[in-house]
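Chains L and F, in that order, are what the protein sequence lines are.
Going by our numbering, the first sequence opens with residue 1, and the numbers climb by one from there.
Going by our numbering, the second sequence opens with residue 324, and the numbers climb by one from there.
One structure is given here, and the rest of the page talks about it.
Protein chains: 2
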Amino acid sequence: MTNIRDVAKSAGVSVTTVSRVLNNHPYVSEEKRKLVLKAIEEMKYHININAVHLTKGVTKLIGVVIPFINHPYFSSILDGIANEARKNDYKLILFQTDYDLDKEIEALEMLRMKQIDSLIICSRECKWSIIEEYETYGPIVVCEDGENLGVKSVYIDHYQAFKTGLDHLVNRGHKRIGYCIGRRTGKNSEQREAAYLDTLEKIDEPVHEDWIFDQAYTIVDGEKVVHRFMHLVERPTALLVTSDQVAAGILMQCSKEHIRIADELSIISFDNHPISEYLQLTTIDLPLEQMGKELLGAVLKPDPVRNRQMPFRLIERKSVKTL
Amino acid sequence: MTNIRDVAKSAGVSVTTVSRVLNNHPYVSEEKRKLVLKAIEEMKYHININAVHLTKGVTKLIGVVIPFINHPYFSSILDGIANEARKNDYKLILFQTDYDLDKEIEALEMLRMKQIDSLIICSRECKWSIIEEYETYGPIVVCEDGENLGVKSVYIDHYQAFKTGLDHLVNRGHKRIGYCIGRRTGKNSEQREAAYLDTLEKIDEPVHEDWIFDQAYTIVDGEKVVHRFMHLVERPTALLVTSDQVAAGILMQCSKEHIRIADELSIISFDNHPISEYLQLTTIDLPLEQMGKELLGAVLKPDPVRNRQMPFRLIERKSVKTL
DNA sequence: ATAATGTATGAAATGCGTTTCAGAGCAAGT
DNA sequence: ACTTGCTCTGAAACGCATTTCATACATTAT
């Protein structure tokens, strides 16, 4: 492999000058610039980026910790991150964790070893304290309320978003409300549960553990949910569903089982993916791509704003009946 | 930042010895190993991976060129790649191209600059000759019939897969057959079109340009397809649909429009995602995760097998009517 | 007893580009 | 005429770990 020194020799200049040409520094005469360019061309020289990384101490690589890519919620965020990364000439390195702690630590370690300049954690399994510890090695942004804990965050207030959905249902006369969620653990899930419990308490309704349907991630999970729903002795009149996909699955299965949406079961979903408009689902729009964009922005600029909250809004369509 | 030299000094050994400890080389006495480990611990030393990359000339990073992540076909492949990468201790760097040629070239350039050890191209826009040219810099595998052109490939024979679907329909008495596809261009699409044209010719049927529905990527695109279908003067009796998602969308829209699936419109989809089983779609199973796994394998091992063809199989369910 | 192996260790070279510093040449400012 | 201040250039240091080579000692084989 030819290197910068070979080029310098061949062009009859110093390596410094070649480096200047390579980096578009001013203070290179047109004459020498041409000589260098010619030598580069002739020798088919190509920079060894790893040497650049070593000397500069940065890689223009950003790590993204994500539990799975195969899920619209996360792939929307990832999409936002990726588009913004491209604009800023950064590349992404993917850590698909499946919520495996070791994988998360691995990502953090890469920050320490300087393989990545910064890290975006879309969903975490590890403790705040660990993340804080690693923050000395580079910017970290978490996609979750950081609570001024010292770690930057760009997040949706899932408590309020859930509350908004619940209040909407309550205002429409619903009291018997359940919800569907991916996992029960994790900060976002806890916030939603809190909103749920608080609302039930406010309207003086008892908690039905079996109205909380978990492990609902994909469109096909809608089937399970509806089956469980059908076997309930007491049924809720409304369901908050944390993803449009699952809601779509519920709609399909309800249609099979001749359960009329809205009439027999009201639904509010989350995300506002195109499918929710298509199905006329009342949904809570979450600006996921935008959040991805902000996540990347937060990691890039040394903005002192540590906690950036994203807005959400309820979009009324046709899946909620007024009782 | 403390470096290997600082550690060596502090431990009272040479940098070579520290390097040996770091890399678990034999020929280090237990006594010195302990000294080194202690110094590393005390000084909070962490290796600078970029220096390793520079000296070793490899990064354990594999590039993945993919048009979009937000699509089940590609995210399934990516999933397969990611899982296998993890097993082999490789990381992935993502090039979401949106079929933008420049982005593809950028990925190839990173191979040349040694930022990545090898490259997996899930769908390409650029010419074979360009890819071949870059192959001198590292292994490249393309997810498409390489036709012994010198570039490694792991692929599905989309001509045969499409043919299998078409033959199934023909055997069930269908003659008026259309299809749905993402884009019309690209090798895979051309192969499918060829299979389509060949089949029509064999059964002596004319080609209806308006029975070819393109720009069908997602579940919501099913709506457009069905609209176009309904406005046809002459309608096909069956549709081959290149993705389960689009097929699901078609089913939903047909249900709205009271078009009976199978009875009025037979459908064979592709991929065999869970949703197709749920909807009882006759589908052609494509081993996408497995293909991802093989793609990574192909890029890793210097196996001389250049073209690896993946099997597919038709799964009969309930979306095809026998005429 | 002597040659041949194996174990253990470190100095120095290597991979390669960037950056600092010093210096030369030349034009503008006083 | 003399100081400033650019523009341009290159030598050398720097970032950091790996690898080669040489050396020393301890075993084992002949």
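Even glycine gets a Cβ: it sits at the ideal position worked out from N, Cα and C.
As the structure is a prediction and not an experimental result, all values here were calculated from the model.
Quiz item: Should G509/F and D544/F be called a contact, given that it needs their Cβ atoms to be closer than 9 Å?
Solution: Cβ atoms of G509/F and D544/F: not closer than 9 Å.
Quiz prompt | Minimum Cβ-Cβ distance from T487/F to chain L less than 9 Å | solution = No, no contact with chain L.
Quiz item: Hey, would you say I66/L sits closer than 9 Å to S123/L, going by beta carbons?
Solution: A contact, by the Cβ cut-off of 9 Å.
Exercise. Could you check if G292/L is buried or exposed, using at least 16 other CB atoms within 10 Å of its CB as the buried criterion?
Key: Around the Cβ of G292/L, a 10 Å sphere holds 16 or more other Cβ atoms; the residue is buried.
Quiz item: Just by C-beta distance, which residues in the stretch 431-443 of chain F are closer than 7 Å to chain L?
Solution: Residues of the stretch 431-443 of chain F with a Cβ closer than 7 Å to any Cβ of chain L, in chain order: R435, M436, K437, Q438.
Quiz prompt | Distance, N83/L Cα to E612/F Cα | solution = Their Cα atoms are separated by approximately 25 Å.
Quiz item: For T605/F, does the three-state DSSP call read helix, strand or coil?
Solution: T605/F falls in the strand class under three-state DSSP.
Practice problem: Check whether the Cβ atoms of P236/L and I177/L sit closer than 9 Å, and answer yes or no. | Solution: At a Cβ-Cβ threshold of 9 Å, P236/L and I177/L count as neighbours.
Self-check item: Backbone secondary structure at M43/L - three-state DSSP
Solution: Residue state, collapsed to three classes: helix.
Exercise. Step through the CB atoms of chain L and report whether any lies within less than 9 Å of the CB of T560/F.
Key: Closer than 9 Å: no.
Exercise. Report yes or no: is there a C-beta of chain L within less than 9 Å of the C-beta of D402/F?
Key: D402/F counts as touching chain L.
Quiz item: Given that a residue counts as buried once 16 or more other Cβ atoms are within 10 Å of its Cβ, and exposed if not, what is Q576/F?
Solution: Q576/F should be labelled buried.
Exercise. Find the residues of chain L that neighbour H581/F, judging by a C-beta separation of less than 9 Å, and give them in chain order.
Key: Near H581/F there are no residues of chain L at all, since even the closest Cβ is about 13 Å away, more than 9 Å.
Quiz item: So which residues on chain L does E365/F lean against when the C-beta distance must stay under 9 Å?
Solution: Think of a sphere of 9 Å around the beta carbon of E365/F: no beta carbon from chain L falls inside it, the nearest being about 17 Å out.
Quiz prompt | Bridge partners - C180/L, DSSP secondary structure assignment | solution = In the DSSP secondary-structure assignment, C180/L is bridged to F213/L, V241/L.
Quiz prompt | Near-chain L residues of the stretch 402-429 of chain F (beta-carbon distance less than 7 Å), N- to C-terminal order | solution = Only D402, A405, K414, L415, I416, L417, Q419 from the stretch 402-429 of chain F bring a Cβ to less than 7 Å from some Cβ of chain L.
Quiz prompt | Nearest candidate by alpha-carbon position, reference V233/L, set D204/L, G173/L, H208/L | solution = Of D204/L, G173/L, H208/L, the smallest CA-CA separation from V233/L is found for H208/L.
Exercise. Note down, in chain order, all residues in the stretch 487-515 of chain F with a beta-carbon under 8 Å from any beta-carbon belonging to chain L.
Key: Among the residues of the stretch 487-515 of chain F, none has a Cβ less than 8 Å away from any Cβ of chain L.
Quiz item: In chain F, which residues lie less than 8 Å from E223/L when you measure between Cβ atoms?
Solution: In chain order: Y601.
Self-check item: Distance between L61/L and L415/F (C-alpha atoms, nearest Å)
Solution: Here the C-alpha atom of L415/F lies approximately 11 Å from the C-alpha atom of L61/L.
Quiz item: In the structure shown, what three-state DSSP assignment does V36/L receive?
Solution: Looking at V36/L - three-state DSSP - the assignment turns out to be helix.
Quiz item: Considering only residues of the same chain and omitting the five flanking positions on each side of T645/F, which have a CB-CB separation below 8 Å?
Solution: Answer for T645/F: R495, G496, listed in chain order.
Quiz prompt | Residue nearest to V246/L in terms of C-alpha spacing, selected from V226/L, R260/L, K38/L | solution = Comparing Cα-Cα distances from V246/L to each of V226/L, R260/L, K38/L, the minimum goes to V226/L.
Quiz item: Can the beta-carbon of D79/L be found closer than 9 Å to that of I444/F?
Solution: Taking a C-beta distance under 9 Å as the contact criterion, D79/L and I444/F do not qualify as a contact pair.
Quiz prompt | C-beta neighbour in chain L for N393/F, strict 9 Å | solution = At a cut-off of 9 Å between C-beta atoms, N393/F counts as an interface residue with respect to chain L.
Quiz item: Considering V465/F, what are the terminal residues of the beta strand (DSSP E) in which it resides?
Solution: Taken as a continuous stretch (DSSP letters only), the beta strand (DSSP E) holding V465/F covers 463-465.
Quiz item: Do S319/L and L251/L have their C-beta atoms closer together than 9 Å?
Solution: Taking 9 Å as the cut-off, the beta carbon of S319/L is found closer than this to the beta carbon of L251/L.
Quiz prompt | CB contact flag (I327/F, I372/F, <9 Å) | solution = No. Outside cutoff.
Quiz item: When the Cα atoms are used, what is the spatial distance from Y350/F to V330/F?
Solution: Annotation: Y350/F to V330/F spans about 19 Å, alpha carbon to alpha carbon.
Quiz item: Just to confirm, are K103/L and V299/L a CB contact at a threshold of 9 Å?
Solution: No, Cβ-Cβ distance for K103/L and V299/L is not below 9 Å.
Practice problem: Tell me F270/L's beta-bridge partners as DSSP assigns them. | Solution: In DSSP, F270/L forms a bridge with I284/L.
Practice problem: Would you kindly check if the distance between the Cβ of G473/F and the Cβ of R640/F is under 9 Å? | Solution: In this structure, R640/F keeps its C-beta atom at 9 Å or more from the C-beta atom of G473/F.
Quiz item: Candidates Y45/L, E147/L, D98/L, L296/L: which alpha carbon is nearest K437/F's?
Solution: If we check each option's Cα against that of K437/F, Y45/L comes out closest.
Quiz item: Within 9 Å (strictly less), CB to CB, does M633/F reach chain L?
Solution: So, not an interface residue.
Quiz item: Are A484/F and L609/F closer than 9 Å when you measure CB to CB?
Solution: Contact: yes.
Quiz item: Excluding sequence positions up to five away, which residues of its chain have a Cβ less than 8 Å from the Cβ of L523/F?
Solution: Sequence-distant partners of L523/F (beyond 5 residues in either direction) whose C-beta falls short of 8 Å from its own C-beta, in its chain, are I500, P529, V530.
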